[in-house]
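Straight run, no breaks: the sequence shown in our numbering ends on number 237. Think of the CB as a built atom: it goes at the ideal place given N, C-alpha and C, for glycine as much as any other residue.
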Amino acid sequence: TEIYTLSLHDALPISVTATDGTGAKGSVTFSMVVVKSLTTGYHGVSGPVHVDLAGMCMDDNGDATTNGTKIQIWSCNGRASQNWLFEPDGNPGGAGTLTVHGKCLDLINRGTANKTKTQLFTCNGGANQQWLIDGSDGELFNPISGRCLTDPGGTTNGVPLWIGRSEERRVGKECRSRW
């Protein structure tokens, strides 16, 4: 047993190995981070979500607030329809929701298949509304589907966003969207 003193925001890697009565072993490694409060020490960020295409951003079609509104690519313009908020669920490095106008980025019909389209929908805590900001470029990844937020290609305003395998639309990055 070792005792460490951590300051706020220090990270300490922890490894635990356990052996059961049959001699089988298992281990896990994780990092422990110290913050005063997850409510005040870990907070959301907002701004545009850039699609890995020249000057394109994730956009709430028509700046709407209606359930079922298509989420699309559109030329980055700084308008409210492109000001998304990533709100972590209280676990540093874990999944959270992406919202605009108080509604969540949602996978239609709780889909997990390749090419499932996205929509705006009332936040309900579903796994189809959970996103990770992943990788060095902040790519968006839905953990339940195991797929990245991406687009079918091209730079035409109004093209819907969907989820896809990271290797399908690979252009030098794991995913085609980034925070």
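- Where Leu198 is concerned, the enclosing beta strand (DSSP E) starts and stops at 197-200.
- Between Lys175 and Leu219, the C-beta spacing is below 9 Å.
- His159 has its alpha-carbon roughly 25 Å from the corresponding atom of Lys173.
- Membership of Asp192 in the beta strand (DSSP E) is indicated by the continuous run 190-192.
- Under a 10 Å Cβ-count criterion, Ser203 is classified as buried, with 16 or more other Cβ atoms of the shown protein chains found around its own Cβ.
- Nearest to Thr127 by alpha-carbon distance, out of Asn215, Thr180, Asp78, is Thr180.
- Shortest Cα-Cα distance from Ile191 to any of Asn200, Asp209, Pro210, Ile131 involves Asn200.
- Contact between Met114 and Ser139 does not hold, since their C-beta atoms are separated by about 13 Å, which reaches or exceeds 8 Å.
- Taking a C-beta distance under 9 Å as the contact criterion, Trp142 and Gly105 qualify as a contact pair.
- For Pro146, the enclosing beta strand (DSSP E) begins and ends at 142-146.
- Contact between Leu178 and Trp189 does not hold, since their C-beta atoms are separated by about 14 Å, which reaches or exceeds 8 Å.
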